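In our numbering, the protein residues as written are 102 to 269.
Backbone N, C-alpha and C define an ideal beta-carbon position, used for all residues, glycine too.
None of these values were measured; they are calculated from a predicted model.
What follows is a set of notes on a single structure, which appears directly below.
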């Protein structure tokens with residue numbers, strides 16, 4: 102028995118806010134390879150480690166890094182304002198753009214990429230909570246099409262090697 106399945110679509114149109122407050126869309130980045138990672142600035146482990154690896158990978162690419170745009174999209178729009186996202190990503194590499202938006206905008210882009218973010222609030226509630234979120238790094242070609250996903254624990258050398266193969 103064979104099951105017919107439709108191809109999986111990853112990515113799609115989005116409208117989000119950049120650290121400087123400007124509105125950006127998926128069309129803003131057409132012509133560049135995208136490295137898309139979903140997370141949040143209060144993340145205690147996965148996000149800082151992954152962004153460090155992405156920063157090291159784009160440094161390792163040298164001039165070829167100009168052909169790509171790393172994006173860090175929040176799954177926590179309640180706390181991650183444009184300013185917070187900008188400060189956070191700049192600490193890793195100023196070429197990484199942190200994007201946020203309304204809860205609906207974040208839900209839309211997360212759904213398009215098959216990403217998720219779920220708040221895990223303690224009994225006390227409040228603003229002190231963690232987010233469960235996906236750990237994939239999505240590689241999109243300059244036409245906005247999904248190429249492949251990398252695990253967040255891929256070392257920077259592995260990220261750089263794969264990106265180097267694609268962008269050269």
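Starting from residue i, follow the beta strand (DSSP E) in both directions and report where the run begins and ends.
i           : result
residue 239 : 237-241
residue 220 : 218-222
residue 140 : 134-140
residue 198 : 198-200
residue 125 : 124-126
With H, G and I counted as helix, E and B as strand and the rest as coil, what does DSSP make of residue i?
i           : result
residue 57  : Only positions 102 to 269 of the chain appear in this structure, which leaves residue 57 out of reach.
residue 185 : helix
residue 171 : strand
residue 150 : helix
residue 228 : coil
residue 165 : helix
residue 210 : helix
residue 252 : strand
Closer than 7 Å by C-beta to residue i: which residues in its own chain qualify, once you throw out the five before and the five after it? Chain order, please.
i           : result
residue 249 : 240
residue 102 : Because the pLDDT of residue 102 is 44, which lies under 50, any placement of that residue in the model is unreliable, and the number read from its coordinates should be weighed accordingly. Contacts found: none.
Spatial neighbours of residue i within its chain, please: CB distance less than 8 Å, with the 5 preceding and 5 following residues excluded, ordered by chain position.
i           : result
residue 236 : 147, 151, 252, 253 and 254
The alpha helix (DSSP H) with residue i in it runs from where to where?
i           : result
residue 215 : Note, residue 215: premise wrong, no alpha helix (DSSP H); not H, not E.
residue 179 : Where residue 179 is concerned, there is no enclosing alpha helix (DSSP H), given that its DSSP letter is neither H nor E.
residue 111 : Looking at the DSSP string, residue 111 is not in any alpha helix (DSSP H), and its letter there is neither H nor E.
Please return the same chain residues whose Cβ sits closer than 6 Å to the Cβ of residue i, not counting the five positions on each side in sequence.
i           : result
residue 161 : 261
residue 204 : 178
residue 126 : 116
Mind checking who residue i pairs with in its DSSP beta bridge?
i           : result
residue 193 : In DSSP, residue 193 forms no bridge with anything.
(message) Contact between the segment 120-136 and the segment 179-190 is defined here as three or more beta-carbon pairs at a separation below 8 Å; is this criterion met?
(response) yes
(message) For the structure I just gave you, are there three or more beta carbon pairs, one from the segment 195-210 and one from the segment 166-186, closer than 8 Å?
(response) yes
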